[in-house]
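Under this note's numbering, think of the first position of the sequence shown as 2, with each following residue one higher.
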Amino acid sequence: MIAAFDLFLLLALQTTELPEVKYNVAFIAAGASILGALISAVIVIANAFIARTNQSALQRQQAELTQRSQTDLAHLQSQLTLKSQNQLETVKSDLMEKTQSRLESVRAELSARNQQELELARSKLDQQAKERDARRDYEYDAHKRLYAECEPLLFQLAELSEHAYHRIYSLARTARLGDLPDWLDSDGYYLRSTMYKLICPLVIFRLIQQRLTFVDLTLDAHIANQYRLLKFLYLTFTDSFDFASIEPKIDYDPDVEGWKEKREEDQQKHWRQGLYLGILDNLIDALIAPIEAGKVRWKTYGEFEREFAEDGSEVRRQFEDFADILERFHPKTRPVLWRMLWTQTLIYKQIIESQSTSVGTSSRVGLAAISPKLPVGSLDWRTDSNEAPDDTVLIVPERVAKKYLQTRLPEVFGEPAG
């Protein structure tokens, strides 16, 4: 508004030419300007005052609103806290009630299960106790049967093994003295006693074998080991081809056509130097004699010799094949049989040494005192050291025997080398 008035005065001054009028107009214009400035200042001051007043009112309202909001918020928080507390207590009460109910249910279930498992465990323990008692009773009775049936046989086995062991060394000594093959060239004592002494330990094997249906060898490792050694002693008589095949191999063919004539030309190759399994079983059985109450025993040498001397007797018939194998035997001409006999000395030595220990059952304690040490002998059959090299006579047979046993009984004789 003031600016418009100023513009009007300016236009008036420009259109008026009188000095007084111009002066008055200028004065009026100056006053108007001053008035306009005052009015503007007043307006500015008024605006500032109004603004300050509005600001103060706004601040008061804001403070009131803040206070009211805080009050309302505190009230709301109080209500919410109370409601939440009530709800929390309700939830807690429900949870505790449910938990208590579940706990009682679980406790009852666990109690029933524990009682069932306890009864089952008690039943198992009772069953195990019965089985343990039954096992103990069985083992006690089985031990009694085992020792009653086998210990007397094994006690006598030591003596029979000594006889067979010494007879094989006797064959070497007899050859060394130049009496072989003459001593085995006739149906005389040396042939008969040799057959008897070599086969008699196998009668112990057969008698123990017949008792296996009612004795438990697993109850005594010593008896089981003795039986195992006897079993392999038994098998050596039938393994002539195996002995011939061990390096250095021996050309051995006893089943060739016309063997009766050919074996006279080449005993090493064509003379039979081992027994068939059936023949071996028959001649073992021929040495067994029945006694009272279904029991049996082996025949004495006197009984064997008398029966063997009788033409057509069972003993004579069963031992003819073995007599044929030993007829005119000499280690040099029958090296396969000699390898077999050398192997048997190692088995006999193991049997005798194990029998001569005081370890084991009370029935074996003291056996060491009555079982003499095996004398140091020699299996050198040469009448003269130039007759054959040491390698052929001593080294090779021993190496073959050990290899044979180590292959079949490594747990007793060790693993074979190489």
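Note that the Cβ used here is the ideal one computed from N, Cα and C, for glycine as well. Since this is a predicted model, take the numbers as computed values, not measurements.
Answer yes or no: do residue i and residue j have a C-beta to C-beta separation smaller than 8 Å?
i	j	result
isoleucine 169	glutamine 319	no
leucine 154	isoleucine 200	no
glutamate 308	arginine 317	yes
leucine 236	phenylalanine 330	no
glutamine 407	threonine 334	no
glutamate 399	tryptophan 343	yes
leucine 192	leucine 327	yes
leucine 158	glutamine 227	yes
isoleucine 251	proline 336	yes
isoleucine 247	valine 413	no
proline 255	arginine 273	yes
leucine 181	isoleucine 285	no
arginine 409	phenylalanine 238	no
alanine 287	glutamate 311	no
Near residue i, what residues of its chain come up, given a Cβ to Cβ distance below 7 Å and the 5 sequence neighbours on each side ignored?
i	result
arginine 383	Arg177, Ala389 and Val394
valine 257	Lys263 and His271
glycine 361	Below a pLDDT of 50, predicted positions are generally treated as unreliable, and glycine 361, at 47, falls in that range; no measurement from the model is reported.
tyrosine 349	Ser162, Ala165 and Tyr166
glycine 415	Gln407
Please classify residue i: is it buried, with 16 or more other beta-carbons within 10 angstroms of its beta-carbon, or exposed?
i	result
isoleucine 40	exposed
alanine 122	exposed
lysine 99	exposed
threonine 82	exposed
alanine 245	buried
aspartate 240	buried
phenylalanine 323	buried
methionine 341	buried
tyrosine 297	As written in the sequence, residue 297 is valine, which differs from the tyrosine given in the question. Per the 10 Å Cβ criterion, exposed.
alanine 130	exposed
serine 359	Only weak support is given to the placement of serine 359: the predicted model assigns it a pLDDT of 46, under 50, and the value that follows is read from those uncertain coordinates. Per the 10 Å Cβ criterion, exposed.
tyrosine 277	exposed
isoleucine 51	exposed
threonine 72	exposed
leucine 126	exposed
threonine 54	exposed
glycine 275	buried
tyrosine 190	exposed
valine 397	buried
leucine 74	exposed
leucine 104	exposed
threonine 195	buried
alanine 173	buried
List the residues that DSSP assigns as beta-bridge partners of residue i.
i	result
arginine 298	Ala290
So, at 6 Å on beta carbons, what are the nonlocal neighbours of residue i in its own chain, with the 5 sequence-adjacent residues on each side left out?
i	result
tyrosine 197	Tyr302 and Phe305
leucine 231	Phe206
serine 124	none
tyrosine 405	Thr344
glycine 378	Tyr170
lysine 403	none
glutamate 266	none
aspartate 282	none
When you compare the CB of residue i with every CB in chain D, is at least one pair closer than 8 Å?
i	result
histidine 331	Going by chain labels, chain D is absent from the structure shown, which holds only one protein chain.
Excluding the 5 residues flanking residue i on each side, which residues of the same chain have their C-beta closer than 8 Å to its C-beta?
i	result
proline 411	Pro417
leucine 96	none
Do the stretch 157-168 and the stretch 337-356 touch if we need at least three Cβ pairs shorter than 8 Å? yes
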